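Undergrad: Counting from 1, one number per residue, gives the positions in the sequence shown under UniProt numbering.
Backbone N, C-alpha and C fix where the C-beta goes; we use that ideal spot for every residue, glycine too.
Quick caveat, the model's predicted, so the values are computed rather than measured.
Here it is: the structure, laid out below.
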Amino acid sequence: MQSDVTLSDIAEKLGVSSVTVSKALAGKKGVSDELREEILSLADKMGYVRKEKNHHPKKNTVIGVIVAERYLNHSRSFYWHIYKELSVQSNDKRILTLLEVINREAEESESVPNLIAQESVDGLIILGAFNVGYLRMLRNKAKIPMLSLDSLYEEIEGDAVITDNILGGYEITRYLFDKGHRKIGFVGTLKVTPSIDERYIGMCKFLSSAGLDVEFRDNPLVINDRDKYGNLDAEGTFALPSAKEMPTAFFCNCDVSALLLIEHLKEKGYKVPKDISVIGFDNYVPDMNKSIELSSYEIDLSVMISKAMELLTQRLRNPDMPFSSAMIRGKLIVGDSVRAV
């Protein structure tokens, strides 16, 4: 982070005077709300450090992050990856982040997080999915700005930054379709997380637009990958179709599930991609043994986290501004796990 950024540097970037920048940063009159917000946002991005009167140290902003324990039950969790990026970017802005992991009992009993009960944080990031009752409790008990990251909730009054899961599911299915696949399965337990449901909706949306029959409910080609508590590869999951019903390709809701599916297919004597093509989502499998370079769909986490920090810091400065949501698009990553048929 640059620590020697001056008022002149900011002024030059925006084409305004240093006096205007100084007024905006000091909260003085004579600057429009729109320009003031633009100056404050750029100052944060450039790493400008404001000088405090009487040399009193500025109180650090503290952001709380809550995530359900079920999403962190293994070291390769995508949410650990998100939190790491969030911590790095927060540190660059001199913002402290505190993580609280919510276990199943606390979620089901709708216990108030310690970060909220102890009034330890200035704002709260809700990472991933929680049940409706828990979200309603947060809405009633948390009197601080909240931002949902990787999920969008009607139950929460706050900003949100999410992946465009429907578009991602649509583009992945179109890619498989263009490779000649017409019988495509989906790996992911529905009604467990919004992101899984949305990716499946994107898949069905493309199949319908391509004129293919889609059984949205009770689809025999939807394979559960986790139990209702979010535990991957739990007993009863990855129940593969018979050889007669086996698809030529599977779209998996995440890369970890894609690699688990490949192992289950191998146990049944199938080879990927010779017999069956497999594609994942997230482009993130840090510590799993990969026998193949997996095709996937990647979201730029740096952009996603940057937008989340931007929205939350703006909210802390202006609590009454309208709520907003940002949807981040991704890109297809072509590996070796999909072949044309």
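Under 8 angstroms by Cβ, that's how I've got residue 279 and residue 338 pegged, so tell me the actual separation to the nearest angstrom.
TA: Locating residue 279 in the sequence shown gives position 279, counting from the first residue. Locating residue 338 in the sequence shown gives position 338, counting from the first residue. Their Cβ separation, rounded to whole angstroms, is 6 angstroms, which keeps residue 279 and residue 338 in contact under 8 angstroms.
Undergrad: Would you list the one or two residues that DSSP bridges to residue 277?
TA: Here residue 277 is taken as the residue at index 277 of the sequence shown, counted from 1. BP columns for residue 277 point to 249.
Undergrad: Using the Cα positions of residue 42 and residue 66, report the straight-line distance between them to the nearest angstrom.
TA: As a working mapping, residue 42 is identified with position 42 in the sequence shown. As a working mapping, residue 66 is identified with position 66 in the sequence shown. If I take the Cα positions, the gap works out to 28 angstroms.
Undergrad: So, do the stretch 149-158 and the stretch 185-196 have three or more beta carbon pairs nearer to each other than 8 angstroms?
TA: Short answer: they touch.
Undergrad: Measuring CA to CA, which of 286, 284, 326, 228 is closest to residue 304?
TA: Walking along the sequence shown from the start, residue 304 turns up at place 304. For residue 304, the nearest C-alpha among the options comes from 326.
Undergrad: Counting only the same chain and skipping the five closest in sequence on each side, list residues whose C-beta sits under 8 angstroms from that of residue 203.
TA: Taking the sequence shown and counting its residues from 1, the one referred to as residue 203 is at position 203. Excluding residues within five positions, the ones whose Cβ falls inside 8 angstroms are 169, 170, 172, 173, 184, 186, 251.
Undergrad: Taking 8 angstroms as the threshold, find out whether the stretch 107-116 comes into contact with the stretch 125-144 through three or more Cβ pairs.
TA: At 8 angstroms Cβ cutoff, the stretches touch.
Undergrad: Would you call the stretch 17-29 in contact with the stretch 73-87, where contact means no fewer than 3 C-beta pairs closer than 8 angstroms?
TA: Because the criterion of three Cβ pairs below 8 angstroms is not met, the stretch 17-29 and the stretch 73-87 do not touch.
Undergrad: Can you have a look at residue 217 and say buried or exposed, based on whether 16 or more other CB atoms are within 10 angstroms of its CB?
TA: Taking the sequence shown and counting its residues from 1, one reaches residue 217 at position 217. Exposed is the call here.
Undergrad: Taking the straight line between their C-alpha atoms, what separation do you get for residue 296 and residue 39?
TA: Stepping through the sequence shown from its first residue, residue 296 is reached at position 296. Stepping through the sequence shown from its first residue, residue 39 is reached at position 39. If you take the alpha carbons of residue 296 and residue 39, they lie about 38 angstroms apart.
Undergrad: Rounded to the nearest angstrom, how far is the Cβ of residue 258 from that of residue 294, given a contact under 8 angstroms?
TA: By 1-based counting over the sequence shown, the position of residue 258 is 258. By 1-based counting over the sequence shown, the position of residue 294 is 294. Going by Cβ atoms, the distance from residue 258 to residue 294 rounds to 6 angstroms, so yes, they are a contact pair.
Undergrad: List in chain order: all unbroken alpha helix (DSSP H) runs of 4+ residues lying wholly within the stretch 11-53.
TA: 18-26, 33-46, all fully within the stretch 11-53.
Undergrad: Classify residue 256: buried if its beta carbon has 16 or more other beta carbons within 10 angstroms, exposed otherwise.
TA: As a position in the sequence shown, residue 256 is number 256, starting the count at 1. When all chains shown are included, residue 256 counts as buried.
Undergrad: Ignore the nearest five residues each way along the sequence and tell me which others in residue 220's own chain have a CB closer than 7 angstroms to its CB.
TA: Stepping through the sequence shown from its first residue, residue 220 is reached at position 220. Around residue 220: 241, 245.
Undergrad: Pick from 299, 128, 291, 247: whose alpha carbon is nearest that of residue 275?
TA: Counting from 1 along the sequence shown, the entry for residue 275 is found at position 275. The shortest C-alpha separation from residue 275 is found at 247.
Undergrad: Could you tell me the boundaries of the beta strand (DSSP E) in which residue 334 lies?
TA: Start at 1 with the first residue of the sequence shown, and residue 334 comes out as number 334. Element bounds for residue 334: n/a, residue is neither H nor E.
Undergrad: Is residue 322 buried or exposed, if buried means 16 or more other CB atoms sit within 10 Å of its CB?
TA: In the sequence shown, counting from the first residue as 1, residue 322 sits at position 322. It is exposed - the Cβ of residue 322 has fewer than 16 other Cβ atoms within 10 Å.
Undergrad: Our contact map puts residue 102 next to residue 68 with C-beta atoms below 8 angstroms; I'd like the distance itself, whole angstroms only.
TA: Stepping through the sequence shown from its first residue, residue 102 is reached at position 102. Stepping through the sequence shown from its first residue, residue 68 is reached at position 68. Between residue 68 and residue 102 the Cβ distance is about 5 angstroms, and since that is below 8 angstroms, they are a contact.
Undergrad: By alpha-carbon positions, which one of 318, 336, 330 ends up nearest to residue 342?
TA: The question about residue 342 has no answer, for the chain in this structure spans 1 to 341.
Undergrad: Does residue 166 come out as helix, strand or coil in the three-state DSSP assignment?
TA: In the sequence shown, the residue the question calls residue 166 occupies position 166. In this structure, residue 166 counts as helix in the three-state DSSP scheme.
Undergrad: If residue 64 sits next to residue 121, beta carbons under 8 angstroms apart, how far is it from one beta carbon to the other, in whole angstroms?
TA: Residue 64 sits at position 64 when you count from the first residue of the sequence shown. Residue 121 sits at position 121 when you count from the first residue of the sequence shown. 4 angstroms between Cβ atoms; contact.
Undergrad: Restricting to Cα atoms, I'd like to know which of 272, 254, 270 is closest to residue 71.
TA: Locating residue 71 in the sequence shown gives position 71, where the first residue counts as 1. For the residues 272, 254, 270, the minimum Cα distance to residue 71 belongs to 254.
Undergrad: What is the residue span of the beta strand (DSSP E) that residue 313 lies within?
TA: Residue mapping note: residue 313 aligns to position 313 of the sequence shown, counting from 1. Premise fails: residue 313 lies in the alpha helix (DSSP H), 301-317, not in any beta strand (DSSP E).
Undergrad: Can you tell which of 223, 302, 229, 298 has the C-alpha that lies nearest to the C-alpha of residue 265?
TA: Position 265 of the sequence shown, counting from 1, holds the residue named residue 265. Checked all of 223, 302, 229, 298; the closest Cα to residue 265 is 223.
Undergrad: Assuming residue 395 and residue 316 make a contact with CB atoms under 8 angstroms, what is their CB distance in whole Å?
TA: In this structure the chain extends from 1 to 341, so residue 395 is not present and cannot be described.
Undergrad: For residue 269, count neighbouring C-beta atoms within 10 Å of its own C-beta (all shown protein chains included) and say buried if the count is 16 or more, exposed if not.
TA: Within the sequence shown, residue 269 is the residue found at index 269, counting from 1. By the neighbour-count rule (16 or more Cβ atoms within 10 Å), residue 269 is not buried but exposed.
Undergrad: Considering residue 207, what are the terminal residues of the alpha helix (DSSP H) in which it resides?
TA: Walking along the sequence shown from the start, residue 207 turns up at place 207. Looking at the DSSP string, the run of the alpha helix (DSSP H) that includes residue 207 is 194-209.
Undergrad: What did DSSP end up calling residue 116 once you bin it into helix, strand or coil?
TA: Position 116 of the sequence shown, counted from the first residue, corresponds to residue 116. Helix.
Undergrad: Identify whether residue 256 lies in helix, strand or coil by the three-state DSSP scheme.
TA: Counting from one through the sequence shown, the residue named residue 256 turns up at place 256. Looking at residue 256 - three-state DSSP - the assignment turns out to be helix.
Undergrad: Leaving out the 5 sequence neighbours to the left and right, which residues in its chain are closer than 7 angstroms to residue 272 when beta-carbon positions are compared?
TA: In the sequence shown, the residue the question calls residue 272 occupies position 272. The residues are 262, 265, 278, 292, 337.
Undergrad: To which residues of the same chain is residue 234 closer than 8 angstroms at the C-beta, ignoring the five residues directly before and after it?
TA: Residue 234 sits at position 234 when you count from the first residue of the sequence shown. Within the same chain, residue 234 has close Cβ partners 226, 227.
Undergrad: So if DSSP puts residue 186 in a beta bridge, which residue, or which two residues, is it bridged to?
TA: Reading the sequence shown from its first residue, position 186 is the one you call residue 186. BP columns for residue 186 point to 222, 251.
Undergrad: With a threshold of 16 other CB atoms inside 10 Å of the CB of residue 329, please say whether the residue is buried or exposed.
TA: Taking the sequence shown and counting its residues from 1, the one referred to as residue 329 is at position 329. Under this definition residue 329 is an exposed residue.
Undergrad: Going by DSSP, what residue range makes up the alpha helix (DSSP H) through residue 138?
TA: Within the sequence shown, residue 138 is the residue found at index 138, counting from 1. Segment 132-141, the alpha helix (DSSP H) holding residue 138.
Undergrad: Look at residue 79 and residue 127 and say whether their C-beta atoms are less than 7 angstroms apart.
TA: Position 79 of the sequence shown, counting from 1, holds the residue named residue 79. Position 127 of the sequence shown, counting from 1, holds the residue named residue 127. The answer is yes: Cβ separation under 7 angstroms.
Undergrad: Please tell me whether residue 24 and residue 17 are closer than 7 angstroms, where the distance is taken between their beta carbons.
TA: For this step, residue 24 is matched to residue 24 along the sequence shown. For this step, residue 17 is matched to residue 17 along the sequence shown. In this structure, residue 17 does not lie closer than 7 angstroms to residue 24 by Cβ.
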